[in-house]
Each structure stands twice: as structure tokens, then as C-alpha cells.
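Input: a single structure, listed below in C-alpha cells.
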Amino acid sequence: EVENVLYEHPAVFEAAVIGTPDERQGESVKAVIALKPGAQVDKQNIIDFCRERLIPYKVPKIVEFVEQLPKNPTGKILKKELRQK
1142 EVENVLYEHP
1152 AVFEAAVIGT
1162 PDERQGESVK
1172 AVIALKPGAQ
1182 VDKQNIIDFC
1192 RERLIPYKVP
1202 KIVEFVEQLP
1212 KNPTGKILKK
1222 ELRQK
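According to this note's numbering, the sequence shown holds residues 1142 to 1226 in order.
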């Protein structure tokens, strides 16, 4: 659901959502995003965009921008590699 909302953002080319450790909640939502060529957006814009469309606990607390997301030969995003970073 969170990834679907991220893909609705006009600047997002690819997105993946992973859980990250959080002392208070146990785990928090992290969005890893590759932007479309020439697109510029900041982390707060992404968070605000999600906040308008998702219930509060699903809104990413952390947003990381990358050039491209790691994928296997068939094009599937490798979330395990994202978690290991």
C-alpha cells in the first residue's frame, strides 16, 4: 500500500519500502526512492504526500534517495540488499 502511494508521486520513478529498527515502535517505515530523470523533490515533500494518503503509522519516517534500486536479473527490487545497507 505504501509503495503504491509513492508511485503516485509525480517525481518517483521507483520505490521500495522496508522496515527499520525503531526504539519506540519496534519498527518504522523507510522509503527508498529513485527519482525520475530531472525530478527534484525533498524528503519532507514525500512524507507530506504520503501523510495525505495513508494512515499515520504507514507514513514513512525515513526517506532515502538513491540513483537506482538494486534488482535481480528479472528486474525485481532486492529489498534484502536495501535492509543490509
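Virtual Cβ for every residue (Gly too), placed ideally from N, Cα, C.
Please read these numbers as outputs of a predicted model, since none were measured by experiment.
By the Cβ neighbour-count rule, L1219 is exposed, with fewer than 16 other Cβ atoms within 10 Å of its own. For D1183, there is no enclosing beta strand (DSSP E), as DSSP marks it with neither H nor E.
Scanning P1201, I1159 and P1197 for the CA closest to the CA of K1221 turns up I1159.
Less than 8 angstroms separates the beta-carbon of E1144 from that of A1157. A direct Cα-to-Cα measurement between K1171 and V1204 gives close to 6 angstroms.
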